[in-house]
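Peer 1: If you read the protein sequences in the order shown, they are chains C and R. Per our numbering, the first sequence starts with residue 175, numbered consecutively. Per our numbering, the second sequence starts with residue 12, numbered consecutively. Beta carbons: idealized from backbone N, C-alpha and C, even for Gly. Just passing along the structure, written as structure tokens.
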Amino acid sequence: GAGVSQSPRYKVAKRGQDVALRCDPISGHVSLFWYQQALGQGPEFLTYFQNEAQLDKSGLPSDRFFAERPEGSVSTLKIQRTQQEDSAVYLCASSLWAGAGNTIYFGEGSWLTVV
Amino acid sequence: KQEVTQIPAALSVPEGENLVLNCSFTDSAIYNLQWFRQDPGKGLTSLLLIQSSQREQTSGRLNASLDKSSGRSTLYIAASQPGDSATYLCAVRGDTGFQKLVFGTGTRLLVSP
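See the structure below:
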């Protein structure tokens with residue numbers, strides 16, 4: 175596709191439910207990032223993939239959060255036993271190469287509300 | 012730990028005014044700094060990227076400056092328009108490790124006709 179695509183765009187989950195958020199990066203992009211953006215805040219780093227390798231997961235807030243990118247393209251962020259504090263926009267981003275000078279392209283986000 | 016602060020948190024101006032958004036960061040060991048725009052319900056659009064060796068970048072009515080040693084960047088918007096209304100985010104990348112962006116909390120800009 176032309177840009178980074180995320181689905182679902184909006185998700186309402188009951189507390190305790192598991193959710194899965196999908197990211198389709200721009201075709202051929204090596205690097206993929208997940209960020210979490212709470213209301214009124216800037217995005218905060220969750221995890222980074224280079225191809226299928228998860229090189230950094232230091233931003234994942236708890237062991238209820240899990241991300242994968244098994245074939246080096248599509249990525250899924252899974253949140254188990256959701257809690258109200260998980261309510262946020264989850265942004266996926268990709269860039270062509272691994273070098274820090276490359277432009278990062280963001281998707282429109284998956285808006286998660288936990289009730 | 013890198014911390015990024017943006018001032019002001021919100022700004023309201025009449026159309027046509029020139030304005031300055033400020034960004035400061037605590038650790039000057041950065042690889043680059045980016046300014047993004049975020050419209051309500053949308054993702055982030057990159058506006059300008061300044062490498063650590065550069066002092067400024069320009070794109071149309073936008074000019075971003077970087078003073079790495081003092082940990083500051085400014086985004087200058089000339090002749091503001093209602094279409095400029097959005098949240099502007101500043102983000103820095105460290106010069107070690109890989110490419111994690113550390114974001115500020117943003118400045119919400121409203122330009123009135």
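(1) Using 9 Å as the threshold, is the C-beta distance between C/Leu220 and C/Leu270 below it?
(2) What residues from chain R crowd round C/Gly216, counting only those whose CB sits closer than 7 Å?
(3) Of all the residues that make up the segment 222-234 of chain C, which are near chain R by a beta-carbon distance shorter than 7 Å?
(4) In whole angstroms, what is the alpha-carbon distance linking C/Gln224 and C/Val186?
(5) In chain C, which residues lie with their C-beta within 7 Å of the C-beta of R/Gly54?
(6) Hey, is C/Thr256's beta-carbon within less than 9 Å of any beta-carbon in chain R?
(7) The segment 48-74 of chain R: which residues have C-beta closer than 8 Å to a C-beta of chain C, in chain order?
(8) From R/Ser81 to R/Ser39, what distance separates their C-alpha atoms?
(9) Can you tell which of R/Pro51, R/Gln62, R/Ser23 has its C-alpha closest to the C-alpha of R/Val103?
(10) Counting along the chain, where does the beta strand (DSSP E) carrying R/Gly105 start and finish?
(11) Helix, strand or coil: how does DSSP classify C/Pro182 here?
(12) With R/Gln68 as the anchor, note down where its beta strand (DSSP E) starts and where it stops.
(13) Can you grab the Cα-Cα spacing for the pair C/Arg243 / C/Ser236, in whole Å?
(14) Just how far apart, CA to CA, sit C/Gln257 and R/Leu112?
(15) Do we get a CB-CB distance below 9 Å when we pair C/Thr250 with the residues of chain R?
(16) As a quick exercise: from R/Thr69, R/Gln92, R/Asp106, R/Thr107, pick the residue whose alpha carbon is nearest that of R/Leu120.
Peer 2: Well, looking at it:
(1) no
(2) Leu100, Phe114, Gly115, Thr116, Gly117
(3) Tyr222, Leu229, Asp230
(4) 30 Å
(5) Leu265, Phe280, Gly281, Glu282, Gly283
(6) no
(7) Gly52, Lys53, Gly54, Leu55, Thr56, Ser57, Leu60, Gln62
(8) 7 Å
(9) R/Gln62
(10) 97-105
(11) coil
(12) 67-70
(13) 19 Å
(14) 26 Å
(15) no
(16) R/Gln92
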